[in-house]
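2 protein chains.
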Amino acid sequence: MYKNKGLEVLRLGIDSHQERIVYLNADCHVVQSEGFTSHSRVCVDTGIESIIASVNITHNGLVTSDQAAFSEAAWRALGLKGGERVMIKHAKPVNSMSHVRSKLYGGKLDYPACLEIVSDIQSGQYSDIQLSSFVSACTADRLSNEETLALTRSMIDVGERISWDQPLVMDKHCVGGLPGNRTTPIVVAIVAACGLIMPKTSSRAITSPAGTADTMEVLTNVELTQEKMQQVVAQEGACLAWGGSVSLSPADDIIIRIERALNLDSEGQLVASVLSKKVAAGSTHVLIDIPVGPTAKVRSFEQARKLEDKLVKTGKALGLEVLVHRSDGSQPVGRGIGPALEARDILSVLKNHSSAPVDLRDRAVYLAGLMLEMAGVVDSGAGVLKAQEVLDSGEAYQKFIAICETQGGLKEIPKSSHQVDHLASCSGIVTHFNNRCLAQLARLAGAPNSKVAGVELLVRLGDRVEKGQPLFRIHANAKGEMEYALDFLAQHSDCCQVSGETV
Amino acid sequence: MYKNKGLEVLRLGIDSHQERIVYLNADCHVVQSEGFTSHSRVCVDTGIESIIASVNITHNGLVTSDQAAFSEAAWRALGLKGGERVMIKHAKPVNSMSHVRSKLYGGKLDYPACLEIVSDIQSGQYSDIQLSSFVSACTADRLSNEETLALTRSMIDVGERISWDQPLVMDKHCVGGLPGNRTTPIVVAIVAACGLIMPKTSSRAITSPAGTADTMEVLTNVELTQEKMQQVVAQEGACLAWGGSVSLSPADDIIIRIERALNLDSEGQLVASVLSKKVAAGSTHVLIDIPVGPTAKVRSFEQARKLEDKLVKTGKALGLEVLVHRSDGSQPVGRGIGPALEARDILSVLKNHSSAPVDLRDRAVYLAGLMLEMAGVVDSGAGVLKAQEVLDSGEAYQKFIAICETQGGLKEIPKSSHQVDHLASCSGIVTHFNNRCLAQLARLAGAPNSKVAGVELLVRLGDRVEKGQPLFRIHANAKGEMEYALDFLAQHSDCCQVSGETV
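Quick mapping for you: the protein sequence lines, in order, are chains A and B. Here the numbering used here is used: the first residue of the first sequence is 1, the next is one more, and so on. Here the numbering used here is used: the first residue of the second sequence is 1, the next is one more, and so on.
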C-alpha cells in the first residue's frame, strides 16, 4: 500500500455526534495524492488504532496542510492525546453493504451476512447514510423469523456476554409505545426482594420521551461497567443499568440512533434489539409486556400476536424462556411522561404514598406476580398476592434504595424551570388520550435529553372536568422548547379530548 | 415564536459536501435556551433567507458563544457575505417523512405525497439520513407504475421547465451500466447535423466511472444557464449540457448523491430521474438505450422488458413519445472508461480516424438512425444509411465542434500522470469482460472526480493474445489511487479473462 509521511493531529472540539470526521486542508499533500474529496471514506491509522472516517475538506487556515483535524468521536475512537502523527488512505469499500443492497432487492439475510453487517456497524465502518439504508431495508415486517434470529444471534456475537452461574436469571421488557409505562424499576425491586436474580439492563429512548435507562438515570448512576454490574447483582440480587455501558449488543445503540432520527422502530429489529440484550445479559426467563391500543406502538391484537410469535420463537431458538403479556394501551400510565416526572411516580408507588398512581402500581404488581409464578417462587395464581405483600411491607422500597445506593447513590429528583398548564376548553368527560401526540409533546418540551422535561397528566380517562380546569402540565427547562411544545399543542388539540355536556 | 437576539455569522471554510451544518458553541445562549444538541435540526434565518441545518456543538474557542459558524453549503444557501446576524430556532419536523415511513410499511405514494417529499428534498429539509431512507424505500421494484408516474410528475413540478416552440424536440438516454458506452455526443452531432432540434441535458455519474456530463466537461463547458442553453440551441440546433446547472428536476441531483453513496440505482427512481429531466427539458421524442448483459446494469431481457414497460407507460402519461432500444451489454464499448479516455474515443469517431473504435461508431450510427426515422426525417429503414453519410462527410464533426465552441470553446483533452498496464498471464483467447469490475477499477483509479483517470482497453472479446501482452491500461492522476486500483485488481482477476490454449 502507498505510504504518506503522516499528518499532525489537531483537536477541533467539534461534536458531530457519533460520526467520525477528519478535516483536511484542500492543499494537503495526502488530499492531492489520494484524490480525496468531501465525503470520501478514509482509513486513519495512528500505528496503534485505526478507524474509518468521512473527509471534510477545509479551504482556509482552520487546518494547515500538514494537519489532520478530528471530530470528537473520531478523536476518542483513535485514543488521541495530541502530538501524534497519523497515516490516511482510502478505506476499502464496506463489503457487507452488498448484503444490505441484496436485502433491498428482495434477498434474504442469513447469519454470515448479518454477522458481517453487524460487525462492520459496530466497528464504525458504516456512514450514517449506509446505516439509514440498513435500518430502512429491515423495517416494518421485512425480516422473516429466520432473518430475525440471524440478526439477533449476530448482535449477541459481536458484543460481550455475561454469565451468572445461576439456574434462574429473570428479566422483563416492555416494547414501549405507552407513555409513562415505567413499571420495570418497581418490578425489579419486588422480584429481587423475593430473592430472585434480576440483572436488568435497559435502553435509552428510541422514539419515546424516555427509556427506562433515561428515567433511572434521574435516580442513580446507570453507566455501570460489567464488573460493577456483577458486584451490584452479587450484593443485591438485581441492578438497573444502561445496556450500552456494558457492551452488550453494542451495535444496537448505533442502530437506535438512526431509528430515532427516522422515527422508525421495526418489528424484526425490535425483536433483535430486545432479545440480543437479554441473551447477552445472561437471562434465562424473560417477561415481555406489549401494550395494545389505538395510539400505542402496537395498535391491534393481530399485530401483537405476530410480534409475540416472533419473540417466543426467536427466544426459544436462543434457549430463552419468553412469556408475553398483552396489556391495555389505551392511555398513558401514571402521571408523568419524561424521565424526572416518571421517576417521581416510581418513588411514590414504592413508598406506598396515598397519592401514588394506582394504574402504575397495579400494572407493576401484576407483572411482578407473573414473574414470581414463572420462576416457581409461588404457585400459579398466587403471584399477584405475593407481589402486593412485598410492596405493601416496604421490602420492595428498601430493595430499590439498596440497589441505587450500591450503583452509586440515590439522587435528588430535579425540578423543571418552566411549567405551563393546558386547560379544558369546555366542561365534560375526558374521553380520549392520544399517546403519540402526548409523547411528541413531551419530546418537543425536551425529553429525554432534558431530564426534567415532559408532560404531567392531571386527569384520567372518564374523569369529569370543568371548563378551565387543568388537564395536564408541560414541564421544560428551556424557554424555546416550551414555546415549541405550545406551538405543537395549538395544532394538535386531540392530545386529550373532553366531550362537552349539553348543560 | 420565541425570539433570540441573533448570532454573528462566521465562515469556517469547511466543505461538508451538500450537507448544511451550523457550528455552535456549547456555551452559546441559544444552545442552552433552545436545548440544542449535535444533530438537532434547526431553522437558520437571516431575515432574507432561511434554511434547515444540522447542529454540530463545539467545545473550544473555534466558535465563540456569540457566533454561528457555517459549512460552505449552508453559507452559500443563506447567501451570506459576512457581518450578518442570524436567528436560530428548532426546525419543525419534516412532515413529508411520514409518507416515507408509510411507504416503508407497505403504503403507496400518491402525487400529493411525492410532491411534498420532493419539495422538501429540493429545499434542503431532508438530512442525509432521511434521504437515504427515502432512496431505500423506493429501491428495486418497490414503486408501481402509478407511483413512478407520481414521483416523475412531482420531480418535474418542483423545477424549471423549458419550452422550445418546436413540434419536434429530440432526446436520447442510456440507462447505463455499460462502461464506455458514450454514444450520446456522437448521436447529438449527427441528429443536429440533419437539422433536428436536440437540446441534450445529461447527468453526472451515479455509480459509474463517468456520466455524459462528466465526459463532455473534458471537451467543453457544460454548466450552462437556461438562457445560455437556449442561445446554443437557437444557433446550433443542439447542446450538450449538464442537467443540474439549469434547475431541471433539481431534486434529482440530491437524490443521486445518496444513490451513489449507497451504490443503489432503483427502477422507479431511474424512470423518474430520466423522464422528469426529459419533460422538463421540453422534449417530445425520446430514444432510450438499454444495454442487456450478464454484468451490465440490466442483466436479463425480462428485466429490460419491465423497465421498458415502465418507461413507455410513464412517458405516454406525460405526453412523451418513448422508443426503447435494447442493445448488447456483454462488453464495454469503445476503448476508454473514464471521462477523458471516453472523450478521446468520441473525437476519434467523429473525425473518422482509422483507429476509431468500430463498436462505438456502429452503436452511435444505429441509434442516430433510429432517431432520424422516429422524427420522420427519413423513411423507416433508411435511418442508418443517412446517419452514416452525415458522419462520413464530416458534417457531424463540424456540428460537434460548433456546439462546443458555442458552449464556451473546445478544450484540450488532458493526459494522466500515472499509467500501469495489466498483462495477460497466459496466451489464449479473450473470453470474458466483467463490466462491474472494470467500472469499479476505473472508479478506484479516481474516475469521475479525476477526469483523466480510468481504464483503457487494449483488446476485445475474441482477440487472441500472447502471455505478457497488455490487456488494458490503468490511468490515474494520484499515486494513492493507482495503488488502490492495483490492490483491487490483484483480488479481482476476472476483470478480463483469457482462456489458455493447450500448446
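Just so you know, even glycine gets a beta-carbon here, dropped at the ideal spot from N, CA and C. Values in this document were obtained by computation on a predicted structure and should not be read as measured data.
For residue j and residue i, believed in contact at Cβ under 8 Å, the rounded distance
i, j, result
"Thr152(B)", "Thr314(B)", "6 Å"
"Ala296(B)", "Gly177(B)", "4 Å"
"Leu224(A)", "Ala241(A)", "4 Å"
"Leu528(A)", "Ala485(A)", "The displayed coordinates of chain A run from 1 to 503. Any statement about residue 528(A) would go beyond what the structure contains."
"Leu320(B)", "Lys278(B)", "6 Å"
"Ile255(A)", "Leu109(A)", "Not a contact, Cβ separation roughly 14 Å."
"Ile14(A)", "Thr58(B)", "5 Å"
"Arg427(B)", "Val465(B)", "Checking the displayed sequence, the identity of residue 427(B) turns out to be Ser instead of Arg. Contact holds; Cβ gap of about 7 Å."
"Cys495(A)", "Cys404(A)", "Contact doesn't hold; Cβ gap of about 33 Å is too wide."
"Leu461(A)", "Gln331(A)", "5 Å"
Beta-bridge partners of residue i, as assigned by DSSP
i, result
"Tyr23(B)", "Asn56(B) and Ala69(B)"
"Ala238(B)", "Met198(B)"
"Asp289(A)", "Cys174(A) and His325(A)"
"Ala476(B)", "His418(B)"
"His432(A)", "Gln497(A)"
"Gly61(B)", "Answer by DSSP bridge pairing: none, since Gly61(B) is not bridged."
"Cys43(A)", "Ile52(A) and Lys89(A)"
"Cys15(B)", "The displayed chain sequence assigns Asp, not Cys, to residue 15(B). DSSP lists Ile57(A) as partners of Asp15(B)."
"Leu7(B)", "Val86(B)"
"Leu457(B)", "Phe472(B)"
"Arg464(A)", "Ile429(A)"
"Leu423(B)", "Pro470(B)"
"Val298(B)", "Val292(B)"
Within 8 Å, strictly: CB atoms of residue i and residue j
i, j, result
"His17(B)", "Ser102(A)", "no"
"Gly338(A)", "Ala453(A)", "yes"
"Pro414(B)", "Arg204(B)", "no"
"Val199(A)", "Met229(A)", "According to the sequence provided, residue 199(A) is Pro. The question's Val does not apply to it. Result yes, Cβ atoms of Pro199(A) and Met229(A) sit closer than 8 Å."
"Ile117(A)", "Ala91(A)", "no"
"Thr148(A)", "Val286(A)", "no"
"Ile288(B)", "Val333(B)", "no"
"Ser65(B)", "Cys28(B)", "yes"
"Val430(A)", "Val455(A)", "no"
"Gln226(B)", "Glu160(B)", "yes"
"Lys89(A)", "Glu49(A)", "no"
"Ala280(A)", "Ile156(A)", "yes"
"Pro179(A)", "Asn435(A)", "yes"
"Val246(B)", "Thr215(B)", "no"
"Gly6(A)", "Val63(A)", "no"
"Ser144(B)", "Leu115(B)", "no"
"Ile290(B)", "Glu302(B)", "no"
"Ile258(B)", "Asp128(A)", "no"
"Arg11(B)", "Gly83(B)", "no"
"Cys196(A)", "Val377(A)", "Before going further, note that residue 196(A) is Leu rather than Cys in the sequence given. A contact, by the Cβ cut-off of 8 Å."
"His402(B)", "Glu236(B)", "Looking at the sequence itself, residue 402(B) is Ala, so the reference to His does not match. Yes, Cβ-Cβ distance for Ala402(B) and Glu236(B) is below 8 Å."
"Phe521(A)", "Leu457(A)", "Nothing in the structure corresponds to residue 521(A), since chain A is present only between 1 and 503."
"Val384(A)", "Gly394(A)", "no"
Residue i: contacting residues in chain C (beta-carbon distance under 8 Å)
i, result
"Ile129(B)", "As a matter of chain content, chain C is missing from the structure shown, whose protein chains are A and B."
Every unbroken alpha helix (DSSP H) within the segment 88-173 of chain B, with a cutoff of 4 residues, ordered by chain
Fully enclosed alpha helix (DSSP H) runs of 4 or longer: 97-104, 111-122, 128-137 and 145-157.
Measuring CB atoms only, is the segment 203-217 of chain A touching the segment 380-388 of chain A, in the sense that at least three cross pairs come out at less than 8 Å?
Under the three-pair Cβ rule at 8 Å, the segment 203-217 of chain A does not count as touching the segment 380-388 of chain A.
Quick one: complete alpha helix (DSSP H) runs, 4+ long, within the segment 304-391 of chain A?
Complete alpha helix (DSSP H) runs here, min 4: 339-350 and 358-374.
Check whether the segment 340-357 of chain B touches the segment 258-266 of chain B, taking contact to mean three or more Cβ pairs, one atom from each stretch, closer than 8 Å.
Judged by pairs of C-beta atoms under 8 Å, the segment 340-357 of chain B does not touch the segment 258-266 of chain B, as fewer than three such pairs exist.
Counting Cβ pairs, one atom from each stretch, are 3 or more of them under 8 Å apart for the segment 127-145 of chain B and the segment 160-169 of chain B?
When Cβ pairs closer than 8 Å are counted between the two stretches, the segment 127-145 of chain B is seen not to touch the segment 160-169 of chain B, the count staying below three.
For the segment 474-481 of chain A against the segment 362-377 of chain A, are there 3 or more C-beta pairs whose distance is under 8 Å?
The segment 474-481 of chain A makes no contact with the segment 362-377 of chain A: fewer than 3 CB pairs, one atom from each, lie closer than 8 Å.
At least 3 beta-carbon pairs within less than 8 Å: the segment 215-226 of chain A vs the segment 400-412 of chain A:
Output reads yes: the segment 400-412 of chain A touches the segment 215-226 of chain A.
Any contact between the segment 421-428 of chain B and the segment 185-194 of chain B? By contact I mean 3 or more CB pairs, one from each, below 8 Å.
Flag = no, the segment 421-428 of chain B and the segment 185-194 of chain B do not touch.
Below 8 Å, can you find three or more Cβ-Cβ pairs linking the segment 371-382 of chain B to the segment 244-261 of chain B?
Contact between the segment 371-382 of chain B and the segment 244-261 of chain B is absent, because fewer than three Cβ pairs lie under 8 Å.
Answer yes if the segment 15-29 of chain A comes into contact with the segment 65-74 of chain A, meaning at least three C-beta pairs across the two stretches below 8 Å, and no otherwise.
Yes, they touch.
Touch test, the segment 460-475 of chain B against the segment 327-338 of chain B, Cβ-Cβ under 8 Å, three pairs minimum:
With the rule of 3 Cβ pairs closer than 8 Å, the segment 460-475 of chain B counts as touching the segment 327-338 of chain B.
Quick check for students: name the residue ranges of the beta strand (DSSP E) that lie wholly in the segment 212-287 of chain A, counting only runs of 3 or more.
Listed in chain order, they are 238-242.
Does the segment 92-112 of chain B touch the segment 94-110 of chain A, meaning 3 or more C-beta pairs lie closer than 8 Å?
Not touching, per the Cβ criterion.
Validate contact between the segment 78-87 of chain A and the segment 34-50 of chain A using beta carbons, cut 8 Å, 3 pairs:
By the C-beta criterion, the segment 78-87 of chain A is judged to be in contact with the segment 34-50 of chain A, since at least 3 inter-stretch pairs fall below 8 Å.
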